[in-house]
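One structure is given below, encoded as structure tokens.
In the working numbering, the protein residues as written are 345 to 693.
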């Protein structure tokens, strides 16, 4: 898809055979297959703003469906609906964005798995629908205030305000992080994330299709789940059924983690003569690229589809956006089912 003039892309979601792009102005663009209405329009291009009651602030894309969160807290969904992943109370596809009756309270975050969707409300409650959670949104969270949600292929995770990580759904490769005998839990269940048997609080989490990455508040990285392509970064190909410390990143100031289908990415803040951001990759990312922002005079960096790494490997290093203020340039990550991209965005863009 050609760059839209004056409309920089700030978020990307990729399904099995379609992609959705979100511009800085809150408009959606789509490209790819449309056999189940997953483009949200009759053809590739801009999704008409008239179909949404407000500008879009974030998006989530499943295997053949998409979900958009609007600035007013409303949620819209479209595409495939075989498992009720649109949350509309039926199993028919929706070829245009349709409002999802989540709650009377504002939704502040969304995530999508292959065939399910989860939403975080301003109250800290979590609602889910699709797959084994039903055709309509229903509250799935315990009496705990949550601040973040994520979704993998058939499972979901949520982070509490106190730094405890919860998981629920299905997973045979350890993605639930609850031990090697736990492959299904219907309700959010707390994980044991610890160092030397001492619990640590989690700061952020990212779900791949079948693996999970988490960053603790003390700066340590943990990984668990499927590892057939080395996506856990632990130096081997063995699955992990509980959060496992990724020691290769110890001592590095990790500021962002993203898990994809078979690969993972980390952004590290590095101290040098000028502050820099360093991107590490591991696992099998297929085709991965770094697209410079408009203000950076550099060519895109592309890694071949045959590359695979079992431990975090430095991929690229970039200078700070703004040396006088010593600010680290923000790096936006997107690891998807079919491809991976790393978009470098200058501060203020």
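Where a beta carbon is used, it is the ideal one built from N, C-alpha and C, also for glycine.
**Request:** Indicate whether residue 533 and residue 510 have their beta-carbon atoms separated by less than 9 Å.
**Result:** Taking the chain shown and counting its residues from 1, the one referred to as residue 533 is at position 189. Taking the chain shown and counting its residues from 1, the one referred to as residue 510 is at position 166. Yes. Within cutoff.
**Prompt:** Which runs of the beta strand (DSSP E), 3 residues or longer, sit entirely within the stretch 489 to 564?
**Reply:** 490 to 495, 499 to 504, 509 to 514, 528 to 534, 546 to 551 and 555 to 560
**Prompt:** Three-state secondary structure (DSSP) at residue 653?
**Reply:** In the chain shown, the residue the question calls residue 653 occupies position 309. Strand at residue 653.
**Prompt:** How about residue 518 and residue 457: are their beta carbons less than 9 Å apart?
**Reply:** Numbered from 1 along the chain shown, position 174 holds the residue referred to as residue 518. Numbered from 1 along the chain shown, position 113 holds the residue referred to as residue 457. Contact: no.
**Message:** Count Cβ pairs between the stretch 547 to 565 and the stretch 524 to 532 that sit closer than 8 Å; are there 3 or more?
**Reply:** no
**Request:** Take residue 455 as the anchor and find which of 599, 601, 400 and 501 has the nearest alpha-carbon.
**Result:** For the purposes of this step, residue 455 is taken as the residue at position 111 of the chain shown. Comparing Cα-Cα distances from residue 455 to each of 599, 601, 400 and 501, the minimum goes to 501.
**Item:** Same chain, Cβ closer than 7 Å to residue 408, neighbours up to 5 away in sequence not counted
**Value:** On the chain shown, position 64 is the one that residue 408 refers to. Excluding residues within five positions, the ones whose Cβ falls inside 7 Å are 359, 360, 380, 382, 423 and 424.
**Prompt:** If residue 438 sits next to residue 403, beta carbons under 8 Å apart, how far is it from one beta carbon to the other, in whole angstroms?
**Reply:** What you label residue 438 is simply residue 94 of the chain shown in a count that begins at 1. What you label residue 403 is simply residue 59 of the chain shown in a count that begins at 1. Actually they are not in contact, since the Cβ atoms of residue 438 and residue 403 sit about 15 Å apart, beyond 8 Å.
**Asked** What whole-angstrom Cβ distance do residue 479 and residue 435 have, given they're in contact under 8 Å?
**Response** Taking the first residue of the chain shown as position 1, residue 479 is located at position 135. Taking the first residue of the chain shown as position 1, residue 435 is located at position 91. Sure, about 7 Å apart at Cβ, within 8 Å.
**Message:** Looking only at its chain, what residues have a beta carbon closer than 6 Å to the beta carbon of residue 504, apart from the 5 residues adjacent to it on each side?
**Reply:** Indexing the chain shown from 1 puts residue 504 at position 160. Within the same chain, residue 504 has close Cβ partners 488 and 490.
**Message:** If you reduce the DSSP assignment to three classes, tell me which class residue 356 lands in.
**Reply:** In the chain shown, residue 356 corresponds to position 12, counting from 1. Residue 356: strand per DSSP, three-state reduction.
**Request:** Tell me whether residue 346 is buried or exposed, calling it buried when 16 or more other Cβ atoms sit within 10 Å of its Cβ.
**Result:** The residue you call residue 346 lines up with position 2 of the chain shown. Here residue 346 scores only 49 on pLDDT, less than 50, and its place in the model is too uncertain to base an answer on.
**Prompt:** Out of curiosity, what's the CA-to-CA distance linking residue 597 and residue 368?
**Reply:** Against the chain shown, residue 597 aligns to sequence position 253. Against the chain shown, residue 368 aligns to sequence position 24. Using only the alpha carbons, I get a separation of about 28 Å.
**Asked** Out of 620, 611 and 621, which has the shortest C-alpha to C-alpha gap to residue 656?
**Response** Position 312 of the chain shown, counting from 1, holds the residue named residue 656. Selection 620, 611 and 621 evaluated against residue 656 yields 611 as nearest (Cα-Cα).
**Request:** Pick helix, strand or coil for residue 404, following the three-state DSSP scheme.
**Result:** In the chain shown, the residue the question calls residue 404 occupies position 60. DSSP, read as helix, strand or coil, puts residue 404 in strand.
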